[in-house]
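Down below is the structure, laid out as structure tokens.
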Amino acid sequence: MSEEVLDNNEEKIEKEVVIPEFYRDLKEDPESKGLWHYVFRTHGDRKPIATPDGLPHKIDFNWKDMFPQIGNDAHVEVEIGSGKGGFLSEYAPKHPDIVIMGSEWDYTWAKFAQRKMDKAGALANATMLRGDVYFFLRDCVKDNTVDAFHMYFPDPWPKERHHKNRLLRPDFLVEVARVLKPGKRIFYWGTDHKEYNEVALEVFDNFKGCKILERNTAEPTEGIMTGFEKKYRKEGRPIYRSVVEFEK
Ligand SMILES: C[S@@+](CC[C@H](N)C(=O)[O-])C[C@H]1O[C@@H](n2cnc3c(N)ncnc32)[C@H](O)[C@@H]1O
-7 MSEEVLDNNE
3 EKIEKEVVIP
13 EFYRDLKEDP
23 ESKGLWHYVF
33 RTHGDRKPIA
43 TPDGLPHKID
53 FNWKDMFPQI
63 GNDAHVEVEI
73 GSGKGGFLSE
83 YAPKHPDIVI
93 MGSEWDYTWA
103 KFAQRKMDKA
113 GALANATMLR
123 GDVYFFLRDC
133 VKDNTVDAFH
143 MYFPDPWPKE
153 RHHKNRLLRP
163 DFLVEVARVL
173 KPGKRIFYWG
183 TDHKEYNEVA
193 LEVFDNFKGC
203 KILERNTAEP
213 TEGIMTGFEK
223 KYRKEGRPIY
233 RSVVEFEK
């Protein structure tokens, strides 16, 4: 792979970009059906990291590679940050006519979720991506191929100096909007974190083509509460759920 860069004399030169193979693997776990690894990782790091050079490393990926049973017009949904896989384990079996990919960058939770989904019979039409879903969207998912997004109780990164780690950012929504199919599409959002919720709704409000259909008044999607939601409701915390429409 090569890219055009400008040297000091502003002449275009060809520079070789070397990408170690393991940085851009996307493959199904040979021992765990439905668990797909997409990992940017340096040795010794528990969690995957961003691409080491910050550049996109595109993979020629089609949803059919992950779901061989689907046709070209398949209905595809994505869950962002699935944790223990509670949502997918209930939602996927209720919708055998669609396919849905969960995502979780932490190996332990991704594996936990895959087992839970397996027990629930959800692996017939659902998979679990273990990796950073932002980079997966950016580098693997083709334009106009996703029907809906679910994002429930994302890590709030409460300290101000960590806010930059929050996933619900304008550049994340750029990727969401790019991969959503044309027409009106739904993004389901929920959190217990008041301040992150306000910031997120402002990001949606200011994003071109976004309209909040239900602002903080939505019920759990199809009555399915996620693992974190069950815990937080028991603790009596307020929950903020919204339904957002993207139109393009
Ligand atoms: C607070 S948990 C919520 C899990 C689940 N949605 C629920 O409501 O029970 C958020 C999860 O998102 C995962 N996560 C955070 N950033 C991610 C990213 N960029 N890609 C994939 N998973 C991510 C975290 O590892 C964590 O398990």
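First residue of the sequence shown? That's -7 in the working numbering, and the numbers climb one at a time after it. Even glycine gets a Cβ: it sits at the ideal position worked out from N, Cα and C.
Worksheet item: Any idea if Pro148 is buried or exposed, counting beta-carbon neighbours within 10 angstroms, 16 or more meaning buried?
Response: As a working mapping, residue 148 is identified with position 156 in the sequence shown. By the neighbour-count rule (16 or more Cβ atoms within 10 Å), Pro148 is buried.
Worksheet item: Does the pairing of the stretch 193 to 211 with the stretch 133 to 151 give three or more beta-carbon distances under 8 Å?
Response: no
Item to complete: Apply the 10 Å Cβ neighbour rule to Ala19 and answer buried if 16 or more other Cβ atoms are within range, or exposed otherwise.
Response: Along the sequence shown, one-based indexing puts residue 19 at 27. The displayed chain sequence assigns Lys, not Ala, to residue 19. By the 10 Å Cβ count, Lys19 comes out exposed.
Fill in: DSSP bridge partner residues for Gly182 (one or two, in chain order)
For the purposes of this step, residue 182 is taken as the residue at position 190 of the sequence shown. According to DSSP, which records beta bridges pairwise, Gly182 is partnered with Tyr144 and Arg233.
Discussion item. What I want to know is whether the C-beta of Asp57 ends up closer than 6 Å to one or more non-hydrogen atoms of ligand 1.
Written reply: Here residue 57 refers to the residue found at position 65 of the sequence shown. No.
Worksheet item: Where does Phe238 fall in DSSP's three states?
Response: Taking the sequence shown and counting its residues from 1, one reaches residue 238 at position 246. In this structure, Phe238 counts as strand in the three-state DSSP scheme.
Item to complete: Put Pro58 into one of helix, strand or coil per three-state DSSP.
Response: Counting from 1 along the sequence shown, the entry for residue 58 is found at position 66. A small fix is needed here, since residue 58 is Met in this sequence, not Pro. Three-state result, Met58: helix.
Worksheet item: Which of the three DSSP states, helix, strand or coil, is assigned to Glu71?
Response: Residue numbering aside, residue 71 sits at position 79 when the sequence shown is read from its first letter. Glu71: strand per DSSP, three-state reduction.
Item to complete: Below 6 Å CB to CB, which residues in the same chain sit around Thr213 once its five sequence neighbours on both sides are set aside?
Response: Working through the sequence shown from its first residue, we reach residue 213 at position 221. So the list reads Tyr180, once near-sequence residues are dropped.
Item to complete: Return helix, strand or coil for Gly77, following the three-state DSSP convention.
Response: Within the sequence shown, the letter at position 85 stands for residue 77. Correct three-state label for Gly77: coil.
Item to complete: Quick one: residues in its chain with C-beta nearer than 6 Å to the C-beta of Asp98, no 5 flanking neighbours on either side, listed in chain order?
Response: Taking the first residue of the sequence shown as position 1, residue 98 is located at position 106. Excluding residues within five positions, none has a Cβ falling inside 6 Å.
Practice prompt. Spatial neighbours of Ala210 within its chain, please: CB distance less than 7 Å, with the 5 preceding and 5 following residues excluded, ordered by chain position.
Written response: Position 218 of the sequence shown, counting from 1, holds the residue named residue 210. The residues are Arg233, Ser234 and Val235.
Item to complete: Give every residue of the same chain whose Cβ lies closer than 7 Å to the Cβ of Ile62, excluding the five residues on either side of it in the sequence, and list them in chain order.
Response: Walking along the sequence shown from the start, residue 62 turns up at place 70. Counting only Cβ-Cβ distances below 7 Å, and skipping sequence neighbours, we find Trp55, Lys56 and Val91.
Worksheet item: Which of helix, strand or coil does DSSP assign to Leu165?
Response: If you number the sequence shown from 1, residue 165 lands on position 173. The answer is helix: DSSP assigns Leu165 an H, G or I state.
Worksheet item: Glu152 by DSSP, collapsed to three states: which one?
Response: Position 160 of the sequence shown, counted from the first residue, corresponds to residue 152. Of the three classes helix, strand and coil, the one that applies to Glu152 here is helix, per DSSP.
Worksheet entry | Coarse secondary structure for Leu18, derived from DSSP in three states | Taking the first residue of the sequence shown as position 1, residue 18 is located at position 26. Three-state DSSP puts Leu18 in a strand.
Worksheet item: Is Met109 near Leu27, with beta carbons less than 7 Å apart?
Response: In the sequence shown, residue 109 corresponds to position 117, counting from 1. In the sequence shown, residue 27 corresponds to position 35, counting from 1. No. Outside cutoff.
Worksheet item: Considering only residues of the same chain and omitting the five flanking positions on each side of Asn1, which have a CB-CB separation below 7 Å?
Response: Locating residue 1 in the sequence shown gives position 9, where the first residue counts as 1. For Asn1, the pLDDT reaches just 47, beneath the cut-off of 50, and the residue's location in the model is therefore unreliable, leaving the point undetermined.
Fill in: Outcome for Asn64 when other beta-carbon atoms lying within 10 angstroms are tallied against a minimum of 16
Translated into positions along the sequence shown, residue 64 becomes position 72. Label assigned to Asn64: exposed.
Fill in: Contact under 7 Å by Cβ, Lys76 with Ala105
Here residue 76 corresponds to residue number 84 of the sequence shown, with the count starting at 1. Here residue 105 corresponds to residue number 113 of the sequence shown, with the count starting at 1. Yes, these two residues count as a Cβ contact at 7 Å.
Practice prompt. Using a threshold of 7 Å, state whether the C-beta atoms of Asp163 and His49 are closer than that.
Written response: Here residue 163 refers to the residue found at position 171 when the sequence shown is read from its first residue. Here residue 49 refers to the residue found at position 57 when the sequence shown is read from its first residue. Contact: no.
Worksheet item: Rounded to whole angstroms, how far is the Cβ of Leu165 from the Cβ of Ile72, which I believe are closer than 8 Å?
Response: Position 173 of the sequence shown holds residue 165. Position 80 of the sequence shown holds residue 72. Between Ile72 and Leu165 the Cβ distance is about 11 Å, and since that is not below 8 Å, they are no contact.
Discussion item. On the DSSP bridge list, what partners appear for Arg107?
Written reply: On the sequence shown, residue 107 is found 115 positions in, with the first residue counted as 1. None, per the DSSP bridge assignment.
Worksheet item: Who are the near neighbours of His185 in its chain, counting only those whose CB is closer than 6 Å to its CB and skipping five residues on each side?
Response: Reading the sequence shown from its first residue, position 193 is the one you call residue 185. Pro148, listed in sequence order.
Worksheet item: Going by other Cβ atoms of all chains shown within 10 Å of its Cβ, with 16 needed for buried, is Thr218 buried or exposed?
Response: Counting from 1 along the sequence shown, the entry for residue 218 is found at position 226. Buried is the call here.
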